[in-house]
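Here is the structure we will look at, set down as structure tokens.
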Amino acid sequence: MNNKGITIIELIFVLLIVGIIIAITLPRLDFSDQELRSCGRQLVSDLNHIKTKSQVAGNSTDNLIILDEKYYFIKLNGKSHKNVNFKSNYKITNNMYNEVKFYASGSPVRAGTILIFNNNNNKYIEITITPGTGRIHMYDKIRQGYKKDWKNGWKNKY
Numbered sequence: 001m002n003n004k005g006i007t008i009i010e011l012i013f014v015l016l017i018v019g020i021i022i023a024i025t026l027p028r029l030d031f032s033d034q035e036l037r038s039c040g041r042q043l044v045s046d047l048n049h050i051k052t053k054s055q056v057a058g059n060s061t062d063n064l065i066i067l068d069e070k071y072y073f074i075k076l077n078g079k080s081h082k083n084v085n086f087k088s089n090y091k092i093t094n095n096m097y098n099e100v101k102f103y104a105s106g107s108p109v110r111a112g113t114i115l116i117f118n119n120n121n122n123k124y125i126e127i128t129i130t131p132g133t134g135r136i137h138m139y140d141k142i143r144q145g146y147k148k149d150w151k152n153g154w155k156n157k158y
């Protein structure tokens, strides 16, 4: 008897081998850098929003962003406006007493640096607020490793 078909066992075996080869040869897709940039862009956008609101309102005390390790929230006109929670592997640290406000001129009450860390791969991005001008800038380069003083935060240093 001449059978020209294949059995189910042969089919499963071939599919298993092909699956293993594909799993080994495909690169591991890691979107953590893009996600870190996205978190940074969102924070920069919210900082610019607060800056603009302070310039339009003519005061800085009612419009602010309060930063915590795992989240930040925005207050507009003294009322809670927006909460942004980061994933558990992200951490925010800064040297601005965890509060960002702007004068009516657009300059910050306290200039400084904000870092967003990815604790899974020790990468971080840096956002700076320039004194005098209030320019908010996020560096494109994602940096590797913690800086010793920044790892534990700046809360009690400044």
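Counting from 1, one number per residue, gives the positions in the sequence shown under the UniProt record's numbering.
Glycine residues also receive a C-beta, built at the ideal position from the N, C-alpha and C atoms.
Because the structure is a prediction, the values reported are computed rather than measured.
Considering just the uninterrupted stretch of the alpha helix (DSSP H) at residue i, what are its terminal residues?
i                 : result
phenylalanine 102 : First-last for phenylalanine 102: undefined, no H or E at that position.
leucine 36        : 32-57
leucine 15        : 8-25
Name the one or two DSSP bridge partners that residue i has.
i           : result
leucine 67  : Tyr72
glycine 143 : Reading off the sequence, residue 143 comes out as arginine, not glycine. Bridge partners of arginine 143: Tyr124.
Decide if residue i is buried, meaning its Cβ has at least 16 other Cβ atoms within 10 Å, or exposed.
i              : result
tyrosine 71    : exposed
leucine 26     : exposed
proline 108    : buried
aspartate 46   : buried
glutamine 144  : exposed
asparagine 156 : Residue placement at asparagine 156 cannot be trusted, given a pLDDT of 33 that sits under 50; what the coordinates show is reported in the next sentence. Counting Cβ neighbours within 10 Å, asparagine 156 comes out exposed, since fewer than 16 surround it.
tyrosine 90    : buried
lysine 53      : buried
glycine 78     : exposed
Give the single residue among the options whose Cα lies nearest to the Cα of residue i.
i             : options                     : result
valine 100    : Asn89, His49, Leu16, Leu36  : His49
residue 159   : Lys87, Asp62, Leu115, Phe86 : Only positions 1 to 158 of the chain appear in the structure, and residue 159 is not among them; the question remains open.
glutamine 34  : Gly5, Ile125, Gly132        : Ile125
lysine 141    : Ile65, Ile12, Arg41         : Arg41
threonine 93  : Thr128, His81, Gly78        : Thr128
threonine 130 : Phe102, Asn119, Lys123      : Phe102
asparagine 83 : Ile66, Thr7, Asn119         : Ile66
- [ ] Only counting runs of 4 or more residues, tell me where the alpha helix (DSSP H) segments fall wholly within the segment 73-139, in order along the chain.
- [x] none
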